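Each residue of the sequence shown is one higher than the one before, counting from 284 in the numbering used here. Beta carbons are placed, not taken as given, at the ideal position from N, Cα and C, and that holds for glycine. Nothing here was measured: the structure is a model prediction, and the numbers come from that model.
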Amino acid sequence: MPEASMELGIGTYCYMWSLAEGRMDAGALLERASTLGVKRVQFGPNFPLAPGQADDVIREARRRSLTLEIGMAGLDTEEIRRQLELCRQAGAPLLRTVLAEEAGQAPPAEWIEQQLQAAVPWLEKARIPLALENSVTPAVELERLLRGPRLGATLDTANSLAICEGWRWVTEHLAPLTLCFHVKDFVVRREWHRMGFRVEGRPAGRGQLDIPWILSKLGGRCQSAILELWPPELATIDETIEQEQSWVEESIANLRRWILK
């Protein structure tokens, strides 16, 4: 089964409140990964590895036997080259990226294809694949664009709601190409006035995702399942961060039912 080979991890989008408020740093993230018993840590563009701290973080990750994954935003060729060098230094097995997150900002498919093809020689040279995350480009279009050498998908279970594509539809199209699975559980519920819906995060395993079904669809290329969370803001920042920390622990415990590594 694919879930037997992929490794469970956390990332900077598990702790968006904690990191943004300065309650955690890169070292604390690595420490938390060790405490939780996961094997991977993904640094995303919300909290990238700064040049001055990268060496220390990489050294500490190796000491803790943690595999780092590097995340960026966009498809700028020069930025991909820079991030591939960071991947090489860190021993990161993939480079994750994401495009615009607003429906009105989706770049044309022709431009995406051009940028991906421009990146392929650098990906081949580094022997590191690029995992493009679904956001506001239709899943069918991504499925076509990512069928190439050193290209794959980061499957996010919530992002495509922005263009009215549900997680089952996105999974059906992107699962065979998926290199990294972003586990982001949520619920969709009606507002009290019945006019509209609210999408709200939940701990993994406590929302509306059928996580075992998604895992059954993922192909053998999928290396990792990285937890991401959308905890809502509470009355105070302290309460919000306490909720976030609690959700991470609950989520990892739940995911251990299906992902053993």
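Across the set Val403, Ala414, Arg323, the C-alpha of Val403 shows the shortest separation from the C-alpha of Glu361. Annotated three-state conformation of Ile542 is coil, per DSSP. In the DSSP annotation of this structure, the continuous segment of the alpha helix (DSSP H) that includes Ala402 starts and ends at 392-409. With respect to the 8 Å criterion, Leu444 and Val482 are classified as neighbours on the basis of their beta carbons.
Phe480 sits exposed, since fewer than 16 C-beta atoms from the chains shown fall within 10 Å of its C-beta.
A straight-line Cα-Cα distance of about 13 Å links Ile395 and Ala414. CA-CA distance, Gly320 to Phe330, rounds to 22 Å. Counting C-beta pairs with one atom in each stretch, the segment 520-538 and the segment 499-507 have fewer than three that are closer than 8 Å, which means they do not touch. In chain order, Ile353, Met355, Leu378 place their CB closer than 7 Å to the CB of Gln366, counting only its own chain and leaving out the 5 sequence neighbours on each side. By the neighbour-count criterion, in which a residue is buried when 16 or more other Cβ atoms sit within 10 angstroms of its Cβ, Gln325 is buried. One Cα belongs to Arg323, the other to Ile509, and the distance between them is close to 8 Å.
Arg427 and Ala436 have their C-alpha atoms some 11 Å from each other.
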